[in-house]
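Counting the sequence shown from 1 gives a position; the working numbering is that position plus 7. Okay, so here's the structure we're looking at.
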Amino acid sequence: MDGQKVKEEVKRLGGGAEESEEFLEELAAGLAASPGIGEEFLFFAETGDFSCKAKIEGYTLVDILVWQIDHFKAQMDRGNTGMRNNGSKMVLRAFDTMLKMEKEPEKYKQLMQTETGTDYPEKY
Numbered sequence: 008m009d010g011q012k013v014k015e016e017v018k019r020l021g022g023g024a025e026e027s028e029e030f031l032e033e034l035a036a037g038l039a040a041s042p043g044i045g046e047e048f049l050f051f052a053e054t055g056d057f058s059c060k061a062k063i064e065g066y067t068l069v070d071i072l073v074w075q076i077d078h079f080k081a082q083m084d085r086g087n088t089g090m091r092n093n094g095s096k097m098v099l100r101a102f103d104t105m106l107k108m109e110k111e112p113e114k115y116k117q118l119m120q121t122e123t124g125t126d127y128p129e130k131y
């Protein structure tokens, strides 16, 4: 995998994501160090779609996005609208979460199965 290409694409997508340089640099380094997730990222950067080849405990990036969107919506309900129209930020955060999940799969699997981001437990 081309680490320089990963860095360039993170910078390109990060331009509109309103993320710190530190976050973007750490994300690029993590993606370059993780071949499966890095390839998934490059596929997304080139096509705007997800291959869903990278999986952790059976979860794909799309699963992580769905889980995070529920949290983003809960934040918007509280007046934090920073991600309302920021798809780049959502996607970069999902890749960051997938890298974290790769290191701590049980922790994130548990979170995804129990946290919905809603304010009432009976939703699911």
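Glycine included, every Cβ here is placed at the ideal spot set by N, Cα and C.
Close CB contacts of A61 within its chain, under the 6 Å cut and outside five residues either way in sequence, are with G43, I44 and E47 (chain order).
A distance below 6 Å between beta-carbons, with the five flanking residues on each side excluded, links G23 to the following residues of its chain, in chain order: S95. If you ignore the 5 residues before and after D56, its C-beta comes within less than 8 Å of the C-beta of F50, all in its own chain and listed in chain order. Listed in chain order, the alpha helix (DSSP H) elements of length 4 or more contained wholly in the segment 46-122 are 68-84, 94-110 and 112-121. In this structure, the CA atom of K116 is about 14 Å from the CA atom of V69. Around I63, the same chain offers M108, E109 and P112 as residues with beta carbons nearer than 6 Å, after the five sequence neighbours per side are excluded.
In this structure, I71 lies away from A36, with their beta-carbon atoms at least 7 Å apart.
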